[in-house]
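Protein sequences, first through last, are from chains H and L.
Each residue of the first sequence is one higher than the last, beginning at 0 in numbering that gives the first Met the number 0.
Each residue of the second sequence is one higher than the last, beginning at 0 in numbering that gives the first Met the number 0.
Glycine included, every Cβ here is placed at the ideal spot set by N, Cα and C.
Source: prediction; values computed, not measured.
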Amino acid sequence: MSVSSGFALICSSRAEVAESLIRELEPLAARCEVASGRSEWPAEVPGVAFIDLADASQPVREVRLAYGRRTELVAIVDNESVERLIPALAAGCGDYLFYPINPDELGLQWRKHLAGEGGTGARRPGGLAGHLQFEFPSRVQFVREVVAEVVEACERLAFSGSRATLNLRVAVGEALSNAILYGNQEDPEKLVRVVAALSAGSARVTVTDQGQGFDPQAILDPTRPENRERSQGRGLFLLRSLTDEVSFNERGNSITLTLRE
Amino acid sequence: MFSITEMNGITIVEVGGELIVGNRQELKDTVLGRLDAGDRRFLIDFSSSSYIDSSGLGVLVSLSKKIRESGGALRLAGLNEDLRTLFELTKLDTLFQIADTRARAMGEF
Numbered sequence: 000m001s002v003s004s005g006f007a008l009i010c011s012s013r014a015e016v017a018e019s020l021i022r023e024l025e026p027l028a029a030r031c032e033v034a035s036g037r038s039e040w041p042a043e044v045p046g047v048a049f050i051d052l053a054d055a056s057q058p059v060r061e062v063r064l065a066y067g068r069r070t071e072l073v074a075i076v077d078n079e080s081v082e083r084l085i086p087a088l089a090a091g092c093g094d095y096l097f098y099p100i101n102p103d104e105l106g107l108q109w110r111k112h113l114a115g116e117g118g119t120g121a122r123r124p125g126g127l128a129g130h131l132q133f134e135f136p137s138r139v140q141f142v143r144e145v146v147a148e149v150v151e152a153c154e155r156l157a158f159s160g161s162r163a164t165l166n167l168r169v170a171v172g173e174a175l176s177n178a179i180l181y182g183n184q185e186d187p188e189k190l191v192r193v194v195a196a197l198s199a200g201s202a203r204v205t206v207t208d209q210g211q212g213f214d215p216q217a218i219l220d221p222t223r224p225e226n227r228e229r230s231q232g233r234g235l236f237l238l239r240s241l242t243d244e245v246s247f248n249e250r251g252n253s254i255t256l257t258l259r260e
Numbered sequence: 000m001f002s003i004t005e006m007n008g009i010t011i012v013e014v015g016g017e018l019i020v021g022n023r024q025e026l027k028d029t030v031l032g033r034l035d036a037g038d039r040r041f042l043i044d045f046s047s048s049s050y051i052d053s054s055g056l057g058v059l060v061s062l063s064k065k066i067r068e069s070g071g072a073l074r075l076a077g078l079n080e081d082l083r084t085l086f087e088l089t090k091l092d093t094l095f096q097i098a099d100t101r102a103r104a105m106g107e108f
């Protein structure tokens, strides 16, 4: 069956979430159906499925299996479910909306969908085998999940052991924290971009923020006795200590770290 | 994530999971709350913790300073091999009193 682009499937057991989506989508000529935790999906192929990550089932993979890539998947996240966003993006969601829903954002997304542009595209993870790509808002709650995705991909495609579970984990975590805290100053409107290239025995990860950049030479050595009681300044030091190569772009808002087995 | 017990006048904070940028503030608030309430001897136990990042290390440094300035003492215990590596790399093993086990740390107060 071909895809019905004007048909929106809403996967949420929370009535208020479903209602607010329907309230905004119906004036945009969308037909909506709510699937609240059931295992049988409508035979008609939806153009978009909105998946509430607060639900215990959060059926990203099930919806992907039922409809394949014909259906665009949009995650609905709130402050409680925000840690599930990165796994949902990795599992096939091409975009996301924060709940409570911003009507302008939803309207823009729906019109892009009807125009065949498939959401913002910018947030879409994926790429070639061995490449991982994410773009996410500057919230420290995301760090854990993004790091877990990169380490898991490294163990699958590049190398395993403590080089992955300690060195890469710490280095990527520190690069993300710096990008969120110092680069983007925790402004959730600003995004952090992660690109990882993984091949047998080698992992290269680039983290880019939307900040002004900084001078890496200006960071003090935290191991010197006079700096040891400072509460900041260890991230970059750890990152450098645990990787084989570190480089910055000229502006200083993009760091690339390389680790070999 | 952080559970608190008190034994023999020592406030024991157990870190479950990870101490990272996403939850470091919670640990800071928890310990400073007890310091304000009059507690002076603190033991942070990492036996159930697998990971700490530079933000977590930074919070420990700042807590250690505040506790010391209030006339108290902070000890750490139960670091796994990865955590020890991070303390050694940053030379924080020279700044903190670190014991292998909770029992040993309690005996050293």
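Contact between H:Val149 and H:Leu165 fails: their C-beta atoms lie close to 13 Å from each other, not under 8 Å. For L:Arg23, the enclosing alpha helix (DSSP H) covers residues 23-35. Between the C-alpha atoms of H:Glu71 and H:Trp109 there is a straight-line separation of about 11 Å. Taking 8 Å as the cut-off, the Cβ atoms of L:Thr89 and H:Thr222 count as close. For H:Leu20 and H:Ile100, the gap between their C-alpha atoms comes out near 7 Å. Taking H:Val73 as reference, the option from H:Ile254, H:Phe135, H:Ser230, H:Gly91 with the minimal CA-CA separation is H:Gly91. In this chain, H:Cys92 is not harboured by any alpha helix (DSSP H), its DSSP state being neither H nor E.
Residue environment for H:Arg168: buried (at least 16 other C-beta atoms within 10 angstroms of its C-beta). For H:Pro136, the enclosing beta strand (DSSP E) begins and ends at 130-136. Closest in alpha carbon position to H:Ser12, among H:Gly106, H:Glu32, H:Arg69, H:Arg60, is H:Glu32. Of H:Arg30, H:Glu79, H:Leu88, H:Ala42, the smallest CA-CA separation from H:Pro58 is found for H:Leu88.
Its chain contains Leu219, Asp220, Gly232 as the residues whose beta carbon lies nearer than 8 Å to that of H:Asn226, once the 5 sequence neighbours on both sides are disregarded; these appear in chain order. At a C-beta separation below 8 Å, H:Gly172 has these neighbours in chain L: Ile19, Val20, Asp52. Between H:Ser198 and H:Ala157, the C-beta gap is smaller than 8 Å, which places the two residues in contact. DSSP places H:Ile85 in the helix class (H, G or I) of the three-state scheme.
What H:Pro45 touches in chain L, judged by beta-carbon distance under 8 Å, is nothing: the nearest beta carbon there is about 34 Å away.
Taking C-beta separations shorter than 6 Å and ignoring five residues to either side along the sequence, the partners of H:Val81 in its chain run Gln140, following chain order.
In the three-state scheme derived from DSSP, where H, G and I count as helix and E and B as strand, H:Val171 is classed as helix.
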